[in-house]
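Peer 1:
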Amino acid sequence: MQNIRGWWTRATAGALLACAAFGTTAADYPDRPVRLVVSVQPGGATDIAARTVAQKLGERLGQSVVVENKPGAATRLGTEFVTKAKPDGYTLGLFFGIAGLFQLMFDNYAPLEPGKDFDAVTLFARAPSFLAVNAALPVHSVAEFVAYARQKSGGVSFGHSGNASTTNLGALALLKSVGVAGTGVPYKGNGPTAVAIAAGDIDFGLIDYPSARPMVERGAIRLIAITEPQRSPLRPDLPTTGEQGITRSIDGVTPWFFLAAPAGTPPAVVATLNRHVNEVLKLPEVLERLQAAGVDAEGSTPAQAVERFKADRERLTGIARDLGVSLKN
Numbered sequence: 095m096q097n098i099r100g101w102w103t104r105a106t107a108g109a110l111l112a113c114a115a116f117g118t119t120a121a122d123y124p125d126r127p128v129r130l131v132v133s134v135q136p137g138g139a140t141d142i143a144a145r146t147v148a149q150k151l152g153e154r155l156g157q158s159v160v161v162e163n164k165p166g167a168a169t170r171l172g173t174e175f176v177t178k179a180k181p182d183g184y185t186l187g188l189f190f191g192i193a194g195l196f197q198l199m200f201d202n203y204a205p206l207e208p209g210k211d212f213d214a215v216t217l218f219a220r221a222p223s224f225l226a227v228n229a230a231l232p233v234h235s236v237a238e239f240v241a242y243a244r245q246k247s248g249g250v251s252f253g254h255s256g257n258a259s260t261t262n263l264g265a266l267a268l269l270k271s272v273g274v275a276g277t278g279v280p281y282k283g284n285g286p287t288a289v290a291i292a293a294g295d296i297d298f299g300l301i302d303y304p305s306a307r308p309m310v311e312r313g314a315i316r317l318i319a320i321t322e323p324q325r326s327p328l329r330p331d332l333p334t335t336g337e338q339g340i341t342r343s344i345d346g347v348t349p350w351f352f353l354a355a356p357a358g359t360p361p362a363v364v365a366t367l368n369r370h371v372n373e374v375l376k377l378p379e380v381l382e383r384l385q386a387a388g389v390d391a392e393g394s395t396p397a398q399a400v401e402r403f404k405a406d407r408e409r410l411t412g413i414a415r416d417l418g419v420s421l422k423n
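In this note's numbering, the protein residues as written are 95 to 423.
Here is the structure:
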């Protein structure tokens with residue numbers, strides 16, 4: 095017991111010294127506005143989630159949490175901005191799981207490592223993907239989709255958000271699992287992909303619900319499955335791909351993001367942020383707002399966020415390897 099007490103005392107003292115080195119202590123943090131960098135365009139599901147949580151987090155911290163959008167290079171620009179920022183708790187970022195694949199997407203790029211390049215704060219949320227087809231196709235289920243794809247000369251076409259995107263890897267894995275050919279067409283996000291599906295320019299895509307909903311309501315797009323282990327509360331009537339006989343290897347191949355800080359951020363500050371963000375993510379009004387945006391709130395310990403980052407990096411790298419595709423954009 096004495097050894098444990100001594101370790102705790104030394105660890106606490108070390109955390110306080112680290113905070114003091116950056117002029118930040120658990121007691122006075124934050125004493126000015128906090129910047130939250132989001133590495134995608136404003137207006138999408140991730141941006142909505144970030145702004146919803148930022149408002150409530152600011153109320154708890156007693157300081158504004160200001161969202162700044164820094165899109166570009168498959169989220170690399172915003173991610174690097176955060177990793178290079180001063181580790182004082184005043185610059186945070188929403189990092190996407192795709193950050194674990196940067197070394198496969200860009201030449202001469204060292205893999206991002208937790209603790210070295212960033213400190214994970216907490217899992218934030220995920221945006222489940224739905225299998226969407228043009229409503230004019232004779233496709234109302236995964237079985238009918240497979241039958242259609244097998245008989246179509248030249249194979250089916252699908253939209254995606256870039257070679258390393260989950261929308262691309264997930265679609266390729268889906269086609270491989272049922273033994274049919276397909277051609278991917280890149281678009282600048284799920285919104286343009288949904289428009290292309292509705293126009294009949296492509297046959298299908300794996301897209302988030304907010305992007306699909308306007309075209310679904312107009313009758314131009316039909317959703318036939320969700321690529322998650324469980325059904326979505328947004329569309330509880332819609333079966334999962336697993337329920338419809340598709341290999342579960344594509345379950346959960348969906349965009350997710352977590353809150354991160356520059357490496358070396360004082361542990362006491364990380365702990366403060368973790369506690370408040372996890373509390374915010376449980377608020378009924380926040381859950382309702384995120385669900386309406388097609389986002390599932392998560393929350394975790396910092397260690398769990400690191401575990402997810404590493405596991406997803408390994409899984410997606412393995413999928414790309416098995417598919418024999420390049421992730422270069």
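Backbone N, C-alpha and C fix where the C-beta goes; we use that ideal spot for every residue, glycine too. Note that the structure is a prediction, hence the values are computed from the model and not measured.
In chain order, what residues of the same chain have a beta carbon less than 8 Å from the beta carbon of residue 402, not counting five sequence neighbours either side?
Peer 2: One-based indexing of the sequence shown puts residue 402 at position 308. 191, 217, 350, 352, 394, listed in sequence order.
Peer 1: Quick one: using the 10 Å Cβ neighbour count with 16 as the cut-off for buried, is residue 282 buried or exposed?
Peer 2: Locating residue 282 in the sequence shown gives position 188, where the first residue counts as 1. With fewer than 16 other Cβ atoms within 10 Å, it is exposed.
Peer 1: How would you write the range of the alpha helix (DSSP H) that residue 271 sits in, first residue to last?
Peer 2: Along the sequence shown, one-based indexing puts residue 271 at 177. Per DSSP, residue 271 belongs to the alpha helix (DSSP H) from 260–272.
Peer 1: Can you have a look at residue 406 and say buried or exposed, based on whether 16 or more other CB atoms are within 10 angstroms of its CB?
Peer 2: Numbered from its first residue, the sequence shown carries residue 406 at position 312. Buried: at least 16 other Cβ atoms inside 10 Å.
Peer 1: Taking 8 Å as the cut-off, does the segment 384–391 touch the segment 233–251 (at least 3 CB pairs, one atom from each stretch)?
Peer 2: Segments in contact, no.
Peer 1: By a C-beta neighbour count over all protein chains shown, 10 Å radius and 16 as the cutoff for buried, is residue 140 buried or exposed?
Peer 2: Working through the sequence shown from its first residue, we reach residue 140 at position 46. Buried: at least 16 other Cβ atoms inside 10 Å.
Peer 1: Contact defined as beta carbons within less than 8 Å: I believe residue 279 pairs with residue 251. What is the distance between those atoms, to the nearest angstrom?
Peer 2: Here residue 279 refers to the residue found at position 185 of the sequence shown. Here residue 251 refers to the residue found at position 157 of the sequence shown. Residue 279 to residue 251, Cβ: 6 Å. Contact.
Peer 1: Does DSSP put residue 234 in a helix, a strand or coil?
Peer 2: In the sequence shown, counting from the first residue as 1, residue 234 sits at position 140. The answer is coil: DSSP assigns residue 234 none of H, G, I, E or B.
Peer 1: Which of the three DSSP states, helix, strand or coil, is assigned to residue 134?
Peer 2: Indexing the sequence shown from 1 puts residue 134 at position 40. Coil at residue 134, not helix or strand.
Peer 1: Determine the DSSP secondary structure at residue 406, reduced to helix, strand or coil.
Peer 2: Translated into the one-based positions of the sequence shown, residue 406 becomes position 312. In this structure, residue 406 counts as helix in the three-state DSSP scheme.
Peer 1: Determine the direct distance from the alpha carbon of residue 231 to that of residue 240, and round the result to whole angstroms.
Peer 2: Looking up residue 240 in the sequence shown gives position 146. Looking up residue 231 in the sequence shown gives position 137. Distance between the alpha carbons of residue 240 and residue 231: 12 Å.
Peer 1: With burial defined as no fewer than 16 other Cβ atoms inside 10 Å of the residue's Cβ, what is the status of residue 128: buried or exposed?
Peer 2: Within the sequence shown, residue 128 is the residue found at index 34, counting from 1. Flag for residue 128 reads buried.
Peer 1: On the criterion of 16 or more Cβ atoms from any shown chain inside 10 Å, does residue 169 qualify as buried, or is it exposed?
Peer 2: Taking the first residue of the sequence shown as position 1, residue 169 is located at position 75. Result: buried.
Peer 1: Rounding to the nearest angstrom, what Cα-Cα distance links residue 142 and residue 136 in this structure?
Peer 2: Taking the first residue of the sequence shown as 1, we reach residue 142 at position 48. Taking the first residue of the sequence shown as 1, we reach residue 136 at position 42. Cα to Cα, residue 142 sits roughly 8 Å from residue 136.
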